[in-house]
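Sequential numbering of the sequence shown, starting at 1, is according to my numbering. Ideal Cβ positions, reconstructed from N, Cα and C, are used throughout, including at glycine.
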Amino acid sequence: MIELSESYQKRPIRFLELWEINDWKIKMYGISYKNDLPSHDLISKAKEIAQQSLPVPAITENRYGAGFVGVHDGKDANFIYLSIGGQMKMSFNIMYTYLPRRSQICLKNILIQA
C-alpha cells in the first residue's frame with residue numbers, strides 16, 4: 001500500500017494567459033502546491049520549452065495553431081504539459097517533468113487519438 005506523506009489539500013487551478021507566439025494561440029493554465037499561482041520562473045521555463053516544441057508553421061492542413069500549456073508547481077517536482085490539436089480528432093501531447101533541484105528535465109511524448 002502507498003503511504004502518503006500528507007493528506008490531500010485542494011490546489012488552485014488558474015487561467016494564466018492567452019499566449020500568442022509564431023501564429024500559435026496557446027491557453028496557459030497553472031496549478032500550485034503552495035501558492036495561488038506557479039512561480040514566475042516555472043512559467044518562463046514552460047514557455048521556453050513549449051516554444052522549442054511547437055511545430056512551425058502553426059497552421060497546416062493537419063494543425064489548427066491552437067493548444068494549451070499546463071504548468072504544475074508541485075511539492076517535489078514540477079510538471080509542464082503541452083497539448084496541440086490536430087486533424088481527425090488527434091492531439092499531440094508532451095509532458096515534461098522538471099526537477100529544479102537536480103536541473104533535470106525528463107521528456108515524454110504521447111500521441112493520443114480520440
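Through-space distance from residue j to residue i, alpha-carbon basis
i, j, result
"residue 59", "residue 23", "7 Å"
"residue 43", "residue 54", "16 Å"
"residue 1", "residue 25", "43 Å"
"residue 11", "residue 30", "10 Å"
"residue 48", "residue 9", "30 Å"
Sequence-distant residues of its chain with Cβ nearer than 6 Å to residue i (five each side left out)
i, result
"residue 81", "70 and 95"
"residue 84", "67 and 92"
Using 8 Å as the cut-off, can you tell me whether the stretch 50-66 makes contact with the stretch 33-41, which would need three or more C-beta pairs spanning the two stretches below that distance? no
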